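> First the structure, then my questions, so here it is.
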Amino acid sequence: MAIYFIPLLICLVSAVSYQLSDNRRWAMAVCVLLCVFYCFGFMTGSDWRTYEYWYDNLDFNRFFYGYLNEPGYYLYMMIFKKACVPFWLFFILTKSWLFIVIYKSLFEYSKESGWLSLMYYLPWFGLYFFIDNPMRNCIAVGLFILSVRYVISREFWKFLLMSLLAASFHFTALFVIPLYAVLTKDVRKWVYLLLFVVINVLFLNRDVLVNGLTSVFGLIPYYQSKVITYFLFDSPFAQGKLFSFGMIWQTALFVLILCYKERIVEQIGGTKGQVAFNGAMIYFLLVRFTMSMEMFMRLQLYMSVFVCVCIGLVILSFEWRSRLMYLCVLFMVSSYVCMDRVTGSARYIPYSNVLEYVVKGDYPSFSARYYYNIKHSPYTREIDVPDKTSARQ
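Counting from 1 along the sequence shown, just add 20 to a position and that's the residue number in this note's numbering.
This is the structure we're talking about:
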């Protein structure tokens, strides 16, 4: 388990060290090391089982019947398959590209707070994003992050094309299209505060959310099936509770970032700062929904970079002593979340890396890898035991 805390310690040391915090070579070296750790996992995670089955059984004719997911990912796999690229090389290359996009964007908005933002991002989002890796959703998020430049430059048609491309990998990307009209606006703080309170009171009862969404999507069979599937998910933090660790922590961050709006926008600069702040606010407005339904957690991934950037900038806004205190709190909470994620299922322990098997020249069969973590992890839960038929759907 200790191996999962090493990245957090690297970020902490880099954040407090004058020699490392602004060292470009060190940042590049850490990027490579973390990419190898998070993106080269072999038998960790869960979704790779389905993706490997799809990849090994690709058939262009199946694209027109029998494939019930977004078309963009199937065509994307087809390109690599036709080029005779093995599945794991395809998988690792895609995850590495996504990691570089996320890593670069965290430092792009503020070099000073980059290490703090990364320290928060890795346990809260990175474990799920890169190791568990719902790849279709992750590719859509990566494309959205690349498209933010068109929001800042106000090039709607380019942003729309990128968003539709992202939606061809995961339908949740349709959610970001209306945000084009909001992300650059100077929204008053009291508006976000009012929305946060109303949403948390109105949707405290999960049934209200369930009934509302089924009414909206009930006439569209594909999306209705998606909504029903997501209702089966149980949040690790809360399930329709007003007071929980997750809710209290997220509310505290919401208030802090809201109070430091002007400083955040000023430190990042111009429209770019406004986009980062509004993105973070949208993330917090989705918190109550996320507590009841996994789909909204997937929507939050689109705003995850913004909230991490804002958290880092808020901590840097404090005087030195207060900064150290909040830095320690951030590290402890991030460590707790890391432990909670890692011990919450069999997806992360034992950790295995594909490079180990490349060096050995020994590649376990699909069947052996399929059940490896389930059999050897001390944290196996019933939800970890996959149904092999799910890979054939």
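The beta carbon of each residue, even a glycine, is placed where N, CA and C say it ideally should be.
None of these values were measured; they are calculated from a predicted model.
Can you give the Cα-Cα distance for L53 and I30, rounded to whole angstroms?
Here residue 53 refers to the residue found at position 33 when the sequence shown is read from its first residue. Here residue 30 refers to the residue found at position 10 when the sequence shown is read from its first residue. Using only the alpha carbons, I get a separation of about 11 Å.
> Measure the C-alpha to C-alpha separation of P398 and I369 and round it to an integer number of angstroms.
Numbered from its first residue, the sequence shown carries residue 398 at position 378. Numbered from its first residue, the sequence shown carries residue 369 at position 349. Cα to Cα, P398 sits roughly 8 Å from I369.
> Alpha carbon to alpha carbon, what distance is there between K281 and F176?
Translated into positions along the sequence shown, residue 176 becomes position 156. Translated into positions along the sequence shown, residue 281 becomes position 261. Each residue's alpha carbon lies about 26 Å from the other.
> Rounded C-beta distance between I284 and F297? I'm assuming under 8 Å.
For the purposes of this step, residue 284 is taken as the residue at position 264 of the sequence shown. For the purposes of this step, residue 297 is taken as the residue at position 277 of the sequence shown. About 5 Å separates the two Cβ atoms, so the contact holds.
> Would you identify the three-state DSSP class for G65, choosing helix, strand or coil?
The residue given as residue 65 occupies position 45 in the sequence shown. Here G65 sits in coil by DSSP.
> With DSSP collapsed to three states, give me the class of N89.
As a working note, residue 89 is residue 69 in the sequence shown. Reduced to three states, the DSSP call for N89 is coil.
> Can you tell me the Cβ-Cβ gap for R341 and I335, rounded? I've got them flagged as a contact below 8 Å.
Taking the first residue of the sequence shown as 1, we reach residue 341 at position 321. Taking the first residue of the sequence shown as 1, we reach residue 335 at position 315. Actually they do not touch by this definition, with Cβ atoms about 12 Å apart.
> Is L305 closer than 7 Å to N222 when the C-beta atoms are compared?
Counting from one through the sequence shown, the residue named residue 222 turns up at place 202. Counting from one through the sequence shown, the residue named residue 305 turns up at place 285. Reading the sequence as shown, one finds Leu at residue 222 and not Asn. No, these two residues do not count as a Cβ contact at 7 Å.
> Mind checking whether Q449 and V307 have CB atoms under 7 Å apart?
Nothing can be reported for residue 449, as the shown portion of the chain is limited to 21 through 413.
> Quick one: is G146 buried, meaning 16 or more other Cβ sit within 10 Å of its Cβ, or exposed?
On the sequence shown, residue 146 is found 126 positions in, with the first residue counted as 1. With 16 or more Cβ atoms within 10 Å of its Cβ, G146 is classed as buried.
> Alpha helix (DSSP H) containing L221: first to last residue?
As a first step, residue 221 must be located in the sequence shown, where it is residue number 201. Sequence inspection shows Val at residue 221; the Leu mentioned does not correspond to that position. First-last of the alpha helix (DSSP H) with V221: K209 to L222.
> Quick check on the burial criterion: 16 or more other C-beta atoms within 10 angstroms. Buried or exposed for M63?
Walking along the sequence shown from the start, residue 63 turns up at place 43. By the 10 Å Cβ count, M63 comes out buried.
> Helix, strand or coil for I197 per DSSP?
The count along the sequence shown starts at 1 and reaches residue 197 at position 177. Correct three-state label for I197: helix.
> Mapping DSSP to helix, strand and coil, what is N153?
Position 133 of the sequence shown, counted from the first residue, corresponds to residue 153. Coil.
> Per DSSP, what kind of secondary structure is A35 in: helix, strand or coil?
Along the sequence shown, one-based indexing puts residue 35 at 15. Correct three-state label for A35: helix.
> Quick one: residues in its chain with C-beta nearer than 7 Å to the C-beta of K464, no 5 flanking neighbours on either side, listed in chain order?
Outside the shown range of the chain (21 to 413) lies residue 464, about which nothing can therefore be said.
> Which two residues bound the contiguous alpha helix (DSSP H) that contains L147?
Taking the sequence shown and counting its residues from 1, the one referred to as residue 147 is at position 127. First-last for L147: undefined, no H or E at that position.
> Do we get a CB-CB distance below 7 Å when we pair R361 with the residues of chain B?
Absence of chain B from the displayed structure is noted, only one protein chain being present.
> How many angstroms separate the CA atom of F253 from the CA atom of M359?
Here residue 253 refers to the residue found at position 233 of the sequence shown. Here residue 359 refers to the residue found at position 339 of the sequence shown. Low confidence applies to F253: its pLDDT is 46, below 50, so where it sits in the model is not reliable, and the reading given next is rough at best. Distance between the alpha carbons of F253 and M359: 20 Å.
> Below 8 Å CB to CB, which residues in the same chain sit around I112 once its five sequence neighbours on both sides are set aside?
Start at 1 with the first residue of the sequence shown, and residue 112 comes out as number 92. Excluding positions up to five away in sequence, the list reads C59, F60 and V374.
> Helix, strand or coil for N416? Go by DSSP, reduced to three states.
Nothing can be reported for residue 416: it is not among the residues displayed for the chain, which extend from 21 to 413.
> Label C330 either buried or exposed according to how many other C-beta atoms from any shown protein chain fall within 10 Å of its C-beta, with 16 as the threshold for buried.
Position 310 of the sequence shown, counted from the start, is the residue given in the question as residue 330. Answer is buried; the Cβ neighbour count reaches 16.
> With 16 other CB atoms within 10 Å as the buried threshold, where does F149 fall?
Within the sequence shown, residue 149 is the residue found at index 129, counting from 1. Buried, because 16 or more other Cβ atoms sit within 10 Å of the Cβ of F149.
> Between L185 and L199, which are expected to be in contact by the criterion C-beta below 8 Å, what is the C-beta distance as a whole number of angstroms?
Counting from 1 along the sequence shown, the entry for residue 185 is found at position 165. Counting from 1 along the sequence shown, the entry for residue 199 is found at position 179. Actually they do not touch by this definition, with Cβ atoms about 16 Å apart.
> Here's a check: name, in chain order, each residue in its chain whose Cβ is nearer than 7 Å to the Cβ of C328, leaving out the five neighbours to either side.
For the purposes of this step, residue 328 is taken as residue 308 along the sequence shown, with counting starting at 1. Hits under 7 Å: L126, S137, Y140 and Y141.
> Got a sec? Which residues, its chain only, sit under 7 Å from L32 by beta carbon, not counting five neighbours each side?
Locating residue 32 in the sequence shown gives position 12, where the first residue counts as 1. Only M139 and F351 meet the Cβ criterion.
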